[in-house]
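One structure below.
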Amino acid sequence: MTQYIFRRLLLIIPTLFGIMLVNFIIIQAAPGGPVQQVLAKLRGQSSDIDSRFGGGQQDVNLDSGSSYESSYRGLQGIDPALIKELEHQFGFDKPAYQRFFIMMGNYLTFDFGKSYFRDQSVVSLVAAKVPVSASLGLWTTLLVYFISIPLGVAKAVRDGTRFDVLTSVLVVIAYAVPSFLFALFLIIIFAGGSFWSLFPLRGLTSDYWSTLDGLGKMIDYLWHLVLPITAMVIGGFAKLTLLTKNSFLEEINKQYVVTARAKGLSQQRVLYGHVFRNAMLIVIAGFPTAFIHILFTSSLLIEVLFSLDGLGLLGFEAAISRDYPVMFGTLYMFTLLGMVLHLVGDLLYMAVDRRIDLSAARG
154 MTQYIFRRLL LIIPTLFGIM LVNFIIIQAA PGGPVQQVLA KLRGQSSDID
204 SRFGGGQQDV NLDSGSSYES SYRGLQGIDP ALIKELEHQF GFDKPAYQRF
254 FIMMGNYLTF DFGKSYFRDQ SVVSLVAAKV PVSASLGLWT TLLVYFISIP
304 LGVAKAVRDG TRFDVLTSVL VVIAYAVPSF LFALFLIIIF AGGSFWSLFP
354 LRGLTSDYWS TLDGLGKMID YLWHLVLPIT AMVIGGFAKL TLLTKNSFLE
404 EINKQYVVTA RAKGLSQQRV LYGHVFRNAM LIVIAGFPTA FIHILFTSSL
454 LIEVLFSLDG LGLLGFEAAI SRDYPVMFGT LYMFTLLGMV LHLVGDLLYM
504 AVDRRIDLSA ARG
């Protein structure tokens, strides 16, 4: 067991390095980097540029006689000194390979630097957004499991009945409808879109939240979560329900279940005393991965629609503005966290079923 964990932890290092390298190459090759972003915003604002970067000749034409050869296109009339200053400020005066290894060296000590455009450290930005995304991810994951497991068990026990057919129709519809479309439907119906205004549309708390007592704060917080959590649960429970059903059907048809029934054990004893433990292996072990998936990949549009300032919105804005420290810092943190939780998921297999021997696994 210890050797297996040690090997998996060692495997994280080259995997993480490879993921960061591939993304670094792709992002660097994409047009519109941070220098171009700043220059696009500053063009025509000569007085503001002079005050921020120490003046300079703003009317220099880079395409006619300038000694500075810039790799940026369409910068006629921009002072070469300004471009050099921006390149130095963002670290683009160094070759790409040096910037990559400097970045990875800093990340080894968990130094993720500061945002290019927010004047905050990446860690503080992420820490400020985590409560919002964690609220969405944790509540959604718990509700998805609490709904999917009983429903999947009921469908397996009643396989082929009218209940199974009707619930399968609902599951297929829920799987086919994107969560953001269902969120729009909820907003139109319940958040003042066209019909009722029963639920708030913005944020996780009301403006007067600080004036409420403890119970009032909890109720206000949960009331704000109803619509976004409902939208995310609808899109997330379908796959887990089918997985639970198929796992139970596979176990129910095995010989040990037939033997248990032949001994006169009740249906409940057979189902929850024998089948449940084996059928839940894949479902329980997938909990960490499911949480990471919901937390970091499923909430972007939900956060935008409900004005929730979380990690999804932070990543989207960083990609649009080419805020490289935020992009690469969050990628490093969440990739590392995801791989660690994958390892936790494997260890959960052993915790649920002692017959699994991870120490004999290779790689």
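Under the working numbering, the residues of the sequence shown are numbered 154 to 516, in order. All C-beta atoms in this analysis are idealised placements derived from N, C-alpha and C, irrespective of residue type, glycine included.
If you follow the alpha helix (DSSP H) that F429 is in, where does it begin and where does it stop?
Here the alpha helix (DSSP H) through F429 covers 429-432.
Look at the Cβ atom of F390, then the Cβ atom of V306, and state whether they are nearer than 7 Å.
No, these two residues do not count as a Cβ contact at 7 Å.
State the Cα-Cα distance for the pair Q408 and V318, rounded to the nearest angstrom.
Whole-angstrom Cα-Cα distance: 27 Å.
Is K392 helix, strand or coil when you go by DSSP?
Looking at K392 - three-state DSSP - the assignment turns out to be helix.
Do S286 and G463 have their beta-carbon atoms positioned less than 7 Å apart in this structure?
Closer than 7 Å, so yes.
Just curious, the alpha helix (DSSP H) that A309 is in, first and last residue?
Start and end: 275-310.
Compute the Euclidean distance between the alpha carbons of L261 and L235, then round it to the nearest angstrom.
Approximately 32 Å between the Cα atoms of the pair.
DSSP three-state call for L169: helix, strand or coil?
Of the three classes helix, strand and coil, the one that applies to L169 here is helix, per DSSP.
Please say whether G186 and R475 have beta carbons closer to each other than 7 Å?
Yes. Within cutoff.
Using 10 angstroms around the beta-carbon of V325, count the other beta-carbons present and answer buried if the total reaches 16, otherwise exposed.
By the 10 Å Cβ count, V325 comes out exposed.
Count the other C-beta atoms from every protein chain shown that fall within 10 angstroms of the C-beta of K398, then say buried if there are 16 or more, exposed otherwise.
Classification for K398: buried.
Going by the beta-carbon positions, is the gap between L351 and F343 smaller than 7 Å?
Yes. Within cutoff.
Identify the continuous alpha helix (DSSP H) that holds Y534 and give its terminal residues.
Because residue 534 is not part of the residues shown, which for the chain are 154 to 516, the question remains open.
Once you ignore the five residues that flank F481 on each side, which residues in its own chain have a CB closer than 6 Å to its CB?
Here the set comprises nothing.
What would DSSP say about A344, mapped onto helix, strand or coil?
Here A344 sits in strand by DSSP.
Is S301 near T394, with beta carbons less than 7 Å apart?
Yes.
Please name the residue, chosen from L489, H377, G498, that lies closest to I165 on a Cα-to-Cα basis.
That would be L489, whose Cα lies nearest to the Cα of I165.
If we ignore side chains and look at the alpha-carbon of each, how far apart do G369 and W362 end up?
Roughly 8 Å separates the two Cα atoms.
Below 6 Å CB to CB, which residues in the same chain sit around D360 once its five sequence neighbours on both sides are set aside?
Within the same chain, D360 has no close Cβ partners at all.
Would DSSP call S517 helix, strand or coil?
Look at the range of the chain in this structure, 154 to 516, and you will see that residue 517 is not part of it.
With respect to the alpha helix (DSSP H) encompassing D317, which residues constitute its N-terminal and C-terminal limits?
Residues 315-329.
Are V386 and P441 closer than 7 Å when you measure CB to CB?
Contact: no.
Quick one, which of E403, A415, T483 has its alpha-carbon nearest F429's?
That would be E403, whose Cα lies nearest to the Cα of F429.
Could you check if H427 is buried or exposed, using at least 16 other CB atoms within 10 Å of its CB as the buried criterion?
Flag for H427 reads buried.
Let's test the definition: count the other Cβ atoms within 10 Å of the Cβ of K247 and tell me whether it reaches 16, buried, or not, exposed.
Flag for K247 reads exposed.
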